[in-house]
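Q: Dropping the structure in here first, questions after.
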Amino acid sequence: MYKLKGSYSLESKPIIDNLLFILLCFYLMAFLHSFIFVSFQALDFIILNVVYLIPLFVLCMLRAFGKPLSFPSVKLVLIVFFISIVGKIASRAGYANLFFQYSSVFDVRNNAVGGGWFSYLAIFFYPSCICIFYLGKIYRFSKFIYCLIFGFLIFDMVFLAMRMTPMFVFLFWIIFNVNVLDKLKTAKSCFFMVFLAILLVVIFKETTEMKAYKSEMFDWAIHLNTTISTQVVSINSWVTDIHGFDYLKAYVFLSHYLYHSIGELSGYLLSDKVNFFNITAQISKNATCSVLKCLPDEDYYRVGAYKTMYFDFINDFGLIFGVILLALLLAIFMLSCFKLSRLSLNTFVILVVICLSPILNFVYGGMGLFQLMCIPIITMGSFFVTRRNFGS
């Protein structure tokens with residue numbers, strides 16, 4: 040199932056370089072979006088630069104530390120992977136069965152019944168996949184394992200139009216297993232990366248139409264004018280007025296995912312709904328409801344629209360204490376990374392969350408807090424197993 044690579048590197052810099060590249064790509068998309076596809080707003084532009092400057096600073100500092108990597112137990116990760124895949128198969132079997140009863144993805148998703156014993160196993164599947172991607176830096180895994188992983192990713196993305204989780208997991212594969220800077224040195228690799236970007240837009244367009252109520256009547260101009268993400272940050276009329284060019288409109292909608300949370304934050308700060316002092320922990324509690332089966336409290340500013348991490352902290356802990364708390368947490372994280380002799384997978388999970396802070400809904404929708412917490416559970420379990428074996 041696996042074997043140690045003949046040669047490998049324990050340096051953390053290639054991973055951080057990949058994160059820097061992805062962060063800059065996200066920033067460039069949002070930057071161009073602010074000038075081309077929406078009306079330019081000075082406050083939005085300032086916030087855009089601030090919220091991307093923070094993760095950029097964190098990444099540059101960790102790159103300067105130059106710490107080596109530590110890895111979890113490959114045997115424990117594979118045990119968790121194969122146990123969790125039983126739950127994953129059981130959960131997706133229900134969706135597969137619904138394809139024989141309904142003709143549209145909208146009907147399949149709305150008639151699917153969640154929960155059951157298998158959900159407690161399936162919750163570890165994608166976290167264990169991320170662990171395997173990380174271990175792929177020093178181990179060569181069987182193609183069978185990668186076929187299982189990418190098979191479920193493709194099924195969720197293409198057939199169920201569940202884009203967030205597959206893209207979130209695929210992001211980790213790029214970070215851990217692709218040396219982006221080396222790939223950019225050859226024309227062939229650059230063309231391949233452009234092809235992947237175009238493929239992403241195509242998949243995004245098709246899956247957006249697939250999961251619509253009446254997909255055969257879907258109209259991109261209407262969608263761009265009426266979707267919740269354009270209620271505060273509206274798309275320029277020249278985009279919606281142009282006839283055809285659905286793939287262009289799909290790209291605009293995709294880049295709007297990366298940008299509209301900036302306008303949502305500026306709109307919130309200028310509104311009379313800003314929370315200055317109250318500690319509600321509202322959104323933080325909502326993030327646990329998918330597992331704890333509690334009723335989400337959705338009585339907050341512009342629920343449903345994408346938000347930045349900074350909105351969440353202000354809404355949950357107040358403007359003053361929220362900013363102080365966030366700065367304190369970042370300082371503790373940076374100090375702990377400086378003190379550690381090696382950087383673990385948990386470090387990079389936190390780094391990904393920081394890099395996605397301008398669009399934190401990507402984290403909530405991608406895996407959610409509980410699935411992210413499964414990663415440190417696996418790595419901590421690995422630590423205790425390895426320690427016990429070492430002492431015996």
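Each residue of the sequence shown is one higher than the last, beginning at 40 in our numbering.
We put the beta carbon where it would ideally sit given N, CA and C, even for glycine.
1) When the Cα of G420 is compared with those of L59, L220, V119 and S276, which residue comes out closest?
2) Here's the rule I'm using: 16 or more other beta-carbon atoms within 10 Å means buried, otherwise exposed. How should K432 be labelled?
3) Pair every Cβ in the stretch 295-305 with every Cβ in the stretch 86-95, then say whether three or more of these pairs are closer than 8 angstroms.
4) Looking only at DSSP bridge pairs, what is P107 linked to?
5) Looking only at its chain, what residues have a beta carbon closer than 7 angstroms to the beta carbon of S431, apart from the 5 residues adjacent to it on each side?
6) Does W259 pass the burial test, meaning 16 or more other C-beta atoms within 10 Å, or should it be called exposed?
7) On the three-state DSSP scale, how would you describe G430?
8) Check whether the stretch 398-415 and the stretch 93-103 touch, using three or more Cβ-Cβ pairs below 8 angstroms as the test.
9) Just how far apart, CA to CA, sit T246 and G105?
10) Here's the rule I'm using: 16 or more other beta-carbon atoms within 10 Å means buried, otherwise exposed. How should Y173 be labelled?
11) Identify whether K378 lies in helix, strand or coil by the three-state DSSP scheme.
12) By Cβ distance below 8 angstroms, which residues in the same chain neighbour F429 in space, the five residues on each side in sequence not counted?
13) Give me whichever residues DSSP pairs with V77 in a beta bridge.
14) Roughly how many angstroms lie between the CA atoms of V233 and I162, to the nearest whole one?
15) Distance check for L43 and P111, CA to CA, integer angstroms please.
16) How would you label A200, buried or exposed, when you count the other beta carbons within 10 angstroms and need 16 or more for buried?
17) How long is the line joining the alpha carbons of I274 and F422, rounded to whole angstroms?
18) Do V241 and Y286 have their C-beta atoms within less than 9 angstroms of each other?
19) Is T204 a contact residue of the ligand MN, with contact defined as CB to any heavy atom under 8 angstroms?
20) By Cβ distance below 7 angstroms, which residues in the same chain neighbour V113 in space, the five residues on each side in sequence not counted?
21) Determine the direct distance from the alpha carbon of R202 to that of E248, and round the result to whole angstroms.
22) Check the C-beta distance from I171 over to V116 and give it rounded, since I have them as a contact under 8 angstroms.
23) Does the separation of the CB atoms of I353 and G361 fall below 9 angstroms?
24) Can the beta-carbon of H299 be found closer than 9 angstroms to that of V272?
25) If you measure between the beta carbons of D355 and I398, is that distance less than 9 angstroms?
26) If we ignore side chains and look at the alpha-carbon of each, how far apart do K176 and M412 end up?
A: In brief:
1) What you label residue 420 is simply residue 381 of the sequence shown in a count that begins at 1. Relative to the Cα of G420, the nearest Cα in the group L59, L220, V119 and S276 belongs to V119.
2) Shown here, the chain extends from 40 to 431; a query on residue 432 therefore has no answer.
3) The stretch 295-305 is in contact with the stretch 86-95.
4) Working through the sequence shown from its first residue, we reach residue 107 at position 68. Bridge partners of P107 according to DSSP: E50.
5) Working through the sequence shown from its first residue, we reach residue 431 at position 392. Interpretation of S431 is limited by its pLDDT of 35, a score under 50 that renders its predicted location unreliable; the figure taken from the coordinates is listed afterwards. Cβ-Cβ distances below 7 angstroms link S431 to nothing in the same chain once the five nearest sequence neighbours on each side are left out.
6) As a working note, residue 259 is residue 220 in the sequence shown. With at least 16 other beta carbons inside 10 angstroms of its own, W259 counts as buried.
7) Reading the sequence shown from its first residue, position 391 is the one you call residue 430. With a pLDDT of 38 at G430, under the threshold of 50, the modelled position of that residue is not reliable, and the figure given next carries that caveat. Secondary structure of G430 (DSSP, three-state): helix.
8) They do not touch, by the three-pair rule.
9) On the sequence shown, residue 246 is found 207 positions in, with the first residue counted as 1. On the sequence shown, residue 105 is found 66 positions in, with the first residue counted as 1. Approximately 40 angstroms, taken between the alpha carbons.
10) Along the sequence shown, read from residue 1 onward, the residue named residue 173 stands at position 134. Residue environment: Y173 is assigned as buried (16 or more neighbouring CB atoms within 10 Å of its CB, all protein chains considered).
11) Here the question's residue 378 lines up with position 339 in the sequence shown. Look at K378 here: in three-state DSSP terms it is helix.
12) What you label residue 429 is simply residue 390 of the sequence shown in a count that begins at 1. Since pLDDT at F429 reaches only 39, below the 50 mark, its modelled position is unreliable, and the value read off the structure follows with that caveat. No residues qualify anywhere along the chain.
13) Within the sequence shown, residue 77 is the residue found at index 38, counting from 1. Paired residue(s): I274.
14) Working through the sequence shown from its first residue, we reach residue 233 at position 194. Working through the sequence shown from its first residue, we reach residue 162 at position 123. So the two alpha carbons sit approximately 33 angstroms from each other.
15) Here the question's residue 111 lines up with position 72 in the sequence shown. Here the question's residue 43 lines up with position 4 in the sequence shown. When rounded, the distance between both Cα atoms is 14 angstroms.
16) Within the sequence shown, numbered from 1, the residue matching residue 200 stands at position 161. The residue in question, A200, is buried, as its Cβ has 16 or more Cβ neighbours within 10 Å.
17) Position 235 of the sequence shown holds residue 274. Position 383 of the sequence shown holds residue 422. When the Cα atoms are used, I274 and F422 turn out to be separated by approximately 50 angstroms.
18) Position 202 of the sequence shown, counted from the first residue, corresponds to residue 241. Position 247 of the sequence shown, counted from the first residue, corresponds to residue 286. The beta carbons of V241 and Y286 sit closer together than 9 angstroms.
19) Ligands displayed in this structure: none; no statement on the ligand MN is therefore possible.
20) Here residue 113 refers to the residue found at position 74 when the sequence shown is read from its first residue. So the list reads Y41, L174 and Y178, once near-sequence residues are dropped.
21) Here residue 248 is taken as the residue at index 209 of the sequence shown, counted from 1. Here residue 202 is taken as the residue at index 163 of the sequence shown, counted from 1. Using only the alpha carbons, I get a separation of about 13 angstroms.
22) Start at 1 with the first residue of the sequence shown, and residue 171 comes out as number 132. Start at 1 with the first residue of the sequence shown, and residue 116 comes out as number 77. Rounded, the Cβ-Cβ distance is 6 angstroms, consistent with contact.
23) What you label residue 353 is simply residue 314 of the sequence shown in a count that begins at 1. What you label residue 361 is simply residue 322 of the sequence shown in a count that begins at 1. Contact: yes.
24) As a position in the sequence shown, residue 299 is number 260, starting the count at 1. As a position in the sequence shown, residue 272 is number 233, starting the count at 1. Going by C-beta atoms, H299 is nearer than 9 angstroms to V272.
25) Along the sequence shown, one-based indexing puts residue 355 at 316. Along the sequence shown, one-based indexing puts residue 398 at 359. For the 9 angstroms CB-CB criterion, D355 and I398 do not form a contact.
26) In the sequence shown, the residue the question calls residue 176 occupies position 137. In the sequence shown, the residue the question calls residue 412 occupies position 373. When rounded, the separation of the alpha-carbon atoms in K176 and M412 is 22 angstroms.
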